[in-house]
Amino acid sequence: MIEMKNVYKSFGKNNGRVEALRGVNLSIADGEMVSIMGKSGSGKSTLLNIIGGMMSFDSGEYIYDGKSIDYKNHKKLVELRRNDIGVVVQYFALAEDLNVYNNVALPLKYKGYSGRKVKKLVMEVLEELGISDKVKAYPNELSGGQKQRVAIARAIVKQPKLILADEPTGALDAATGEEVQRIFKKLNDSGKTVIIVTHDEKVASICDRIIHIKDGVVDNEV
Ligand SMILES: Nc1ncnc2c1ncn2[C@@H]1O[C@H](COP(=O)(O)OP(=O)(O)OP(=O)(O)O)[C@@H](O)[C@H]1O
Ligand SMILES: [Mg+2]
């Protein structure tokens with residue numbers, strides 16, 4: 398499903414230049430659940446952002462579903478992230494001025510669905526995640542675990558094949574983190590490909606495989 402060949406990405410210029418990725422090679426199969434681990438600053442988030450079409454890269458090749466992603470083609474990157482991929486981040490990134498319903502409905506706005514269809518999809522996913530009673534609540538009225546469930550609901554409401562998560566349990570206490578971890582496992586059991594950046598050994602232990610990143614390259618694939 399995902400293949401990277403010699404992918405490079407740097408930030409800044411001249412003396413301020415940082416080489417975040419220095420020739421990444423990896424492949425991830427459809428239906429896999431993979432964690433990405435490595436020290437702070439090793440390039441994990443950069444890698445995840447590129448996989449998700451949220452960031453371009455400097456050179457190398459990124460093949461998604463058999464198609465080479467042209468890193469200069471921003472329209473293509475937008476399409477990729479709009480249709481195929483759901484993203485969850487550590488601090489939830491919910492819109493504070495929208496209630497739970499409207500946060501989760503947001504990714505469907507661009508799809509041109511009828512109001513009825515949007516409502517059906519949103520309510521289904523809220524029920525699946527056990528937060529349908531919070532449909533009218535605003536993010537500041539929710540616990541961390543509830544916020545992360547809303548964020549996961551928003552990521553999966555468009556029924557993406559691929560779910561990316563950047564430290565999804567990083568801001569949660571251990572028990573809540575385990576609940577969220579189980580949600581990802583369930584999503585994977587239902588056929589989604591899941592890639593999780595994590596520092597959490599427990600999260601990594603429920604994945605099929607760990608990809609270790611060190612200084613911007615894949616160190617070893619266990
Ligand atoms: N937008 C940016 N501008 C400049 N430098 C950046 C930018 N994003 C990342 N970097 C640099 O690229 C390197 C890799 O960053 P990245 O965020 O991918 O690391 P990470 O492995 O996710 O770290 P952490 O575990 O702390 O989240 C770091 O040296 C970082 O400072
Ligand atoms: Mg990071």
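Numbering (the working numbering), first residue to last: 398 to 619. All C-beta atoms in this analysis are idealised placements derived from N, C-alpha and C, irrespective of residue type, glycine included.
Verify the contact flag: Ala492, CB atom, against every heavy atom of ligand 1, threshold strictly below 7 Å. No, the Cβ of Ala492 stays beyond 7 Å of every heavy atom of ligand 1.
Are the CB atoms of Met430 and Asn585 within a distance shorter than 8 Å? The Cβ atoms of Asn585 and Met430 sit closer than 8 Å to each other.
Say yes only if the C-beta of Ala568 is nearer than 7 Å to one or more non-hydrogen atoms of ligand 1, and no if none qualify. No, since every heavy atom of ligand 1 falls outside the 7 Å radius drawn around the Cβ of Ala568.
Where does Asp442 land, buried or exposed, given buried means 16+ other C-beta within 10 angstroms? According to the sequence shown, residue 442 is Ser rather than Asp. Label assigned to Ser442: buried.
Let's test the definition: count the other Cβ atoms within 10 Å of the Cβ of Asn500 and tell me whether it reaches 16, buried, or not, exposed. Answer is buried; the Cβ neighbour count reaches 16.
I'd like the ranges of any alpha helix (DSSP H) spanning at least 4 consecutive residues and lying wholly in the segment 540 to 581. Counting whole runs of 4 or more residues, the segment 540 to 581 contains the alpha helix (DSSP H) stretches 541 to 553.
Please report the distance separating the alpha-carbon of Gly457 from that of Ile447. Inter-residue distance for Gly457 and Ile447 is about 12 Å (C-alpha atoms, whole angstroms).
When we look at the beta-carbon of Gly409 and count the other beta-carbons within 10 Å, is it buried (16 or more) or exposed? Exposed, since its Cβ has fewer than 16 Cβ neighbours within 10 Å.
Less than 8 Å between the C-beta atoms of Val415 and Leu444, yes or no? Between Val415 and Leu444, the CB-CB gap reaches or exceeds 8 Å.
Just the Cα atoms here: how many angstroms apart are Lys531 and Glu538? Between the C-alpha atoms of Lys531 and Glu538 there is a straight-line separation of about 9 Å.
Does any heavy atom of ligand 1 sit closer than 7 Å to the C-beta of Gly409? Here the distance from the Cβ of Gly409 to the nearest heavy atom of ligand 1 is below 7 Å.
Take Gly440 and list the residues in its own chain whose beta-carbon comes closer than 6 Å to its own, dropping the five residues that flank it on each side. For Gly440, where only same-chain residues beyond five positions count, the Cβ hits under 6 Å are Ala417, Leu418, Ile610, Gly613.
Listed by chain order, which residues have C-beta atoms less than 7 Å from any heavy atom of ligand 2? That query returns the following residues: Lys441, Ser442, Asp563, Glu564, Val594.
Excluding the 5 residues preceding and the 5 following Lys436 in the sequence, name in chain order all residues of the same chain whose CB lies nearer than 8 Å to its CB. Same-chain partners within the cutoff: Lys611.
Collapsed DSSP secondary structure at Lys531 in the structure displayed: Helix, per DSSP.
Between the Cα of Asp344 and those of Tyr488, Tyr461, Asn496, spot the shortest distance and give me the residue it belongs to. Outside the modelled stretch of the chain, which goes from 398 to 619, sits residue 344, for which no answer is possible.
What is the DSSP secondary structure of Ile592, reduced to helix, strand or coil? Residue state for Ile592 is assigned as strand, using DSSP reduced to three classes.
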